[in-house]
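Just so it is clear: in the sequence shown, position 152 is 152 by UniProt numbering, and no numbers are missing. Note that beta-carbon positions come from the ideal geometry of N, C-alpha and C, so glycine has one too. The structure appears below as structure tokens.
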Amino acid sequence: MGANKLAGSMSDTASDEEPTMEEILASIRRIISDDDGEGEAESAAEEAAPTPEPVPEEVVPEPEFAPEPEPTPEPEIAPEPEVVPEIEPEPAPLPVQEPEPAPAQADEDEDDVFDLTEFATEQPVNPADPIVSEPVEDRASLSFNQLSSMMVSGYVGDENTLEALVRSMLKPMLQGWLDENLPQIVQDAVEREVARIARRK
């Protein structure tokens, strides 16, 4: 801009007359001062102009993520109902059956007893075959006879035998057993006989 002014002034002066050196310097100073004034005016204008407020940046909202769906709770399994055993009704008591009277067979029983008795007496008893030989049997008998004679020594009369000695030893034992058990045995036998007679009637 200052160069343009300098060229214009120089052309103007050249058309009129040749400028002197002083005029040239003066015109240069004037041009410089004009340029400084314009620069100061521009700077003052720039300072006077309000500083534009910064345009706020548009805030881009962050993308909202949809919340994850909560897991569906598993249905609770209901406990199996306890099986209550059915109470079976008590069976009805069976009717008491009266014992049927036994058929009257007393006469037949007595006949059977007599028949068996006759059969037992009529049948001859065959002697069994000996297990040992006769010499061995004789020696065994001799040994028992010697033992018997030693045991019954001191006894006279009918007591001087082995059988008599055994009888005398067993008599008190047999007597005690009979005293203890004979009454019950007799009572049971009598009750059975009474019941048998009652059935016959």
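With a threshold of 16 other beta carbon atoms within 10 Å, ILE31 meets it and is buried.
For VAL132, the secondary structure class from DSSP, reduced to helix, strand or coil, is coil. GLU70 sits in coil when the DSSP states are folded into three classes, being neither helix nor strand. SER33 has its alpha-carbon roughly 15 Å from the corresponding atom of GLU23.
For GLU80, the secondary structure class from DSSP, reduced to helix, strand or coil, is coil.
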